[in-house]
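Asks:
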Amino acid sequence: MSLQIIPIKTQKEIGLDVNLVDLILESSEINDGDILVFSQKIVSKNEGRVLSLSSVNPSLLANGIASSYGKDPRLVELILSESKRIVRMENGIIIVETKHGFVCANAGIDESNVQDGYATLLPDDPDK
């Protein structure tokens with residue numbers, strides 16, 4: 078038995094209107110016994126959890142934390158809104174417990190691989 082990791086390339090951009098199962102079946106050959114793994118970002122995009130930072134109105138708390146840690150206050154507001162509690166803040170890193178119960182940096186919010194000025198939040202229901 079061996080492990081092979083094979084990326085699935087699709088012709089379609091992942092968004093709200095895309096059925097992930099259909100897209101995978103159209104884009105690759107799935108064999109009996111294959112295990113499919115989806116990245117958090119793909120599920121987040123499919124759930125519509127990509128937000129424009131321009132749509133975020135930072136609170137006084139977010140502005141205060143942002144100025145102390147050199148972060149965008151809109152990003153800090155998203156971190157706060159996606160968190161149950163702040164675990165630790167140090168050296169520009171905000172460690173929180175997310176609504177899901179995960180402890181991670183920046184509530185798992187990611188600004189990579191999306192348009193400038195946008196951020197991807199963790200999926201609402203990652204097991205769905």
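Take the sequence shown: its letters are residues 78 to 205, numbered as in the working numbering.
Here a beta-carbon is modelled for each residue, glycine too, at the ideal position from N, C-alpha and C.
Bear in mind that the values here come from a model prediction, so they are computed numbers and not experimental data.
At the level of alpha carbons, what is the spacing between residue 151 and residue 135?
Replies: Residue 151 and residue 135: Cα-Cα distance of roughly 5 Å.
Asks: Let me know the secondary structure DSSP gives residue 104 once reduced to three states.
Replies: In the structure shown, residue 104 sits in a helix (DSSP, three-state: H, G or I).
Asks: Can you tell me where the alpha helix (DSSP H) holding residue 154 begins and where it ends?
Replies: First-last of the alpha helix (DSSP H) with residue 154: 150 to 158.
Asks: For the structure I just gave you, are there three or more beta carbon pairs, one from the stretch 109 to 126 and one from the stretch 137 to 148, closer than 8 Å?
Replies: Judged by Cβ distances under 8 Å, the stretch 109 to 126 makes no contact with the stretch 137 to 148, as fewer than three pairs qualify.
Asks: Any idea what DSSP makes of residue 80, helix, strand or coil?
Replies: Coil at residue 80, not helix or strand.
Asks: Report the three-state DSSP secondary structure of residue 193 (helix, strand or coil).
Replies: It is coil, neither helix nor strand.
Asks: Closest to residue 101 by C-alpha separation, out of 180, 81, 116, 85, would be which residue?
Replies: For the residues 180, 81, 116, 85, the minimum Cα distance to residue 101 belongs to 85.
Asks: Identify the continuous alpha helix (DSSP H) that holds residue 119 and give its terminal residues.
Replies: It spans 117 to 123 - the alpha helix (DSSP H) in which residue 119 sits, taken as one unbroken run.
Asks: Rounded to the nearest angstrom, what separates residue 211 and residue 189 at their Cα positions?
Replies: This structure does not reach residue 211, given that the chain is present from 78 up to 205, and the question cannot be answered.
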